[in-house]
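Everything in the sequence shown is counted per this note's numbering, starting at 51 for the first residue and increasing by one.
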Amino acid sequence: EWCKMRAQHNQWFKEIQLLLEEMWHVIVFLAWQAKWWDEQATLQVAKQSVDVKGLVAYAKCQAAIHQSLSTRFQALW
Numbered sequence: 051e052w053c054k055m056r057a058q059h060n061q062w063f064k065e066i067q068l069l070l071e072e073m074w075h076v077i078v079f080l081a082w083q084a085k086w087w088d089e090q091a092t093l094q095v096a097k098q099s100v101d102v103k104g105l106v107a108y109a110k111c112q113a114a115i116h117q118s119l120s121t122r123f124q125a126l127w
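Shown next, in the form of structure tokens:
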């Protein structure tokens with residue numbers, strides 16, 4: 051019985067470790083995505099076409115959303 055409980059404990063411990071690792075990956079990915087959207091906005095500014103303002107606004111909005119999610123998840127997790 052003790053061995054069975056120990057095996058369950060070890061399995062739960064592994065599951066928790068995996069969950070924490072996945073949470074960290076989500077935060078890193080969202081931060082990377084926010085940076086990527088910021089770079090897209092910068093690239094659009096360099097093009098100077100008619101629709102640039104809309105594209106830049108969209109890219110900045112996406113960057114803000116992803117940065118906000120990353121920050122919020124860090125605070126919660």
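Glycine residues also receive a C-beta, built at the ideal position from the N, C-alpha and C atoms.
Treat the numbers as computed from the prediction; the structure is a model and nothing was measured.
Residue i vs residue j beta-carbon contact at 8 Å
i: alanine 91; j: lysine 110; result: yes
i: tryptophan 87; j: histidine 59; result: no
i: leucine 20; j: leucine 119; result: Here the chain has residues from 51 to 127 only, and residue 20 is not among them.
Buried or exposed (CB count within 10 angstroms, at least 16 for buried), residue i
i: leucine 126; result: exposed
i: alanine 113; result: buried
Cβ neighbours of residue i in the same chain (closer than 6 Å, five flanking residues each side left out)
i: phenylalanine 123; result: Ile77
Spatial neighbours of residue i in its chain, beta-carbon cut-off 7 Å, leaving aside the 5 residues before and after
i: glutamine 21; result: Because the chain spans 51 through 127 in this model, residue 21 falls outside it and cannot be assessed.
8 Å Cβ shell around residue i - same chain, five flanking residues per side excluded
i: methionine 73; result: Phe123, Trp127
i: lysine 85; result: Ala113
Entirely enclosed beta strand (DSSP E) segments - the segment 69 to 105, minimum 3 residues: none
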